[in-house]
Amino acid sequence: FDSADRSAKLYVTGERQGDEEGVLVNDVFQSTGPVMIGGARRHDTGAWGNALPGQLDDMRVYAGVLSEAEITQLSIVDEPPVEIG
4 FDSADRSAKL YVTGERQGDE EGVLVNDVFQ STGPVMIGGA RRHDTGAWGN ALPGQLDDMR
64 VYAGVLSEAE ITQLSIVDEP PVEIG
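Below, the structure is given as structure tokens:
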């Protein structure tokens, strides 16, 4: 999330997958509840739903805006992936 232009960007393995502009700062920073990735909490019932049907690996959140070059560098992996199951 870049508070300067109120935009959020999603990267997967160093490649930009999507953008969202006009994100409200209150939506991002004013919550006191848990972080939910791939789901949402209903405002009327408070129930969690629409969960991501899969697994996340190496999820990272940074306290600042990273440049494209920094994101690319962070996505470089020298080790082969580990198979699960």
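Taking this note's numbering, I'd label the letters of the sequence shown as residues 4 to 88. We put the beta carbon where it would ideally sit given N, CA and C, even for glycine.
query: DSSP puts G52 in a beta bridge; with which residues?
result: A43
> Anyone know if the C-beta pair for I74 and G17 falls short of 8 Å?
Replying inline: yes
Closest residue to A54 among L13, G41 and A11 (Cα-Cα distance)
G41
Discussion item. I need the straight-line Cα distance from A66 to Q76, nearest angstrom please.
Written reply: 17 Å
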